[in-house]
Amino acid sequence: MSSNARMAQDQRVSERFSVRLAGKLFVPAEEITLDCTIINLSTGGAGIHCPEPPPLDCFVVLYIDGFGRFEGVTTRYVEGELGLKFVCKDAKRQRLEQDLSAYVADGMKGVTRARRHRRSAAPVQIDCFTMGDGWEAPCKVMDISLQGALLKTRARPAIGDIIQLGQTRAWVVRHHEEGIGIQFQQHFEGSKAS
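The numbering of the sequence shown is the working numbering, which starts it at 1 and goes up by one.
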């Protein structure tokens, strides 16, 4: 493939779509979570608005309602828009491409998230998790996979907070009617190399 053809293909793959989606931006280096609005999105990155953007060349985790989590690096800040370059495997980019196509065709109702790992509703003998301040919050494991778990709990740690479930550290990635969704940290850390 010629360099011109490759460049054209890269541009098609990274076509940006104008969106207006709620999100959270977690900055591990500063251990803060920021509310943000995603204003454009592509398989290669995103443009977002947030009140106090992190510095450039900073590793971040962007959680986009309906689309999931994306690891990335801040690349530019122009006229209030923070640019992110996603750091993820091809499979994750392909899922995002499918979700973007569904979003363009049918809006948010077209965006469906297939489970990447089979979840089990089998009972797990854990009845609490530990929050960052050491407080133990009662919970029930509703379902669990290699990637994460769904917990029934009255506690509502912030999205991006780190908790301890049994012997495993995890990120809080979403809230639901009965509790929280978490992603296991070893899975997250393993994905950084992608």
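Idealized CB from N, CA, C, for every residue including glycine.
Source: prediction; values computed, not measured.
Self-check item: Start and end residues, beta strand (DSSP E) containing PHE184
Solution: 179-184
Self-check item: Identified DSSP bridge partners for SER18
Solution: ASN40
Exercise. Counting only the same chain and skipping the five closest in sequence on each side, list residues whose C-beta sits under 8 angstroms from that of ARG16.
Key: ASN40, LEU41, SER42, GLY47
Quiz item: Between the beta-carbon of GLY68 and the beta-carbon of ARG76, is there less than 9 angstroms?
Solution: no
Quiz item: CYS50: buried (16+ other C-beta within 10 angstroms of its C-beta) or exposed?
Solution: buried
Practice problem: Would you mind working out which of LEU21, GLY44, GLU30 sits nearest GLN37, comparing C-alpha positions? | Solution: The amino acid occupying residue 37 in the given sequence is Thr; Gln does not appear at that position. Nearest option by C-alpha distance: LEU21.
Quiz item: Who are the Cβ neighbours of PHE26 in its own chain at under 6 angstroms, not counting the five residues just before and after it?
Solution: THR33, VAL61, GLY160
Quiz prompt | Exposed unless 16 or more other CB atoms sit within 10 angstroms - verdict on GLY196 | solution = Residue 196 cannot be examined here, being either before or after the span of the chain that is shown, 1 to 194.
Quiz item: So, using beta-carbon positions, are VAL173 and ILE162 closer together than 9 angstroms?
Solution: no
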